[in-house]
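Asks:
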Amino acid sequence: MTNYLIRHIIDSTGHPFVEVIKPRENECYEIVSADSKEEAEKVAKKR
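Numbers 24 to 70, taken from our numbering, label the letters of the sequence shown in order.
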């Protein structure tokens, strides 16, 4: 079964958008909780 990333966005006018992203064969996505981009990179490297 293929996994997809579903991204929900609401623009400044309040209009919602939904983006469905299928990762390529050499890609994977990971969600981490962090207060900054730098902290997110550190958390991801620890895994």
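Note that CB positions come from ideal geometry on N, CA and C, so glycine has one too.
1) Tell me, please, which residues DSSP counts as bridged to I32.
2) If you reduce the DSSP assignment to three classes, tell me which class A63 lands in.
3) Give the straight-line distance between the Cα atoms of E61 and H38, rounded to the nearest whole angstrom.
4) For a test of the three-state rule: what should DSSP assign to K68, helix, strand or coil?
Replies: So, from the listed chains and residues:
1) F40
2) helix
3) 30 Å
4) helix
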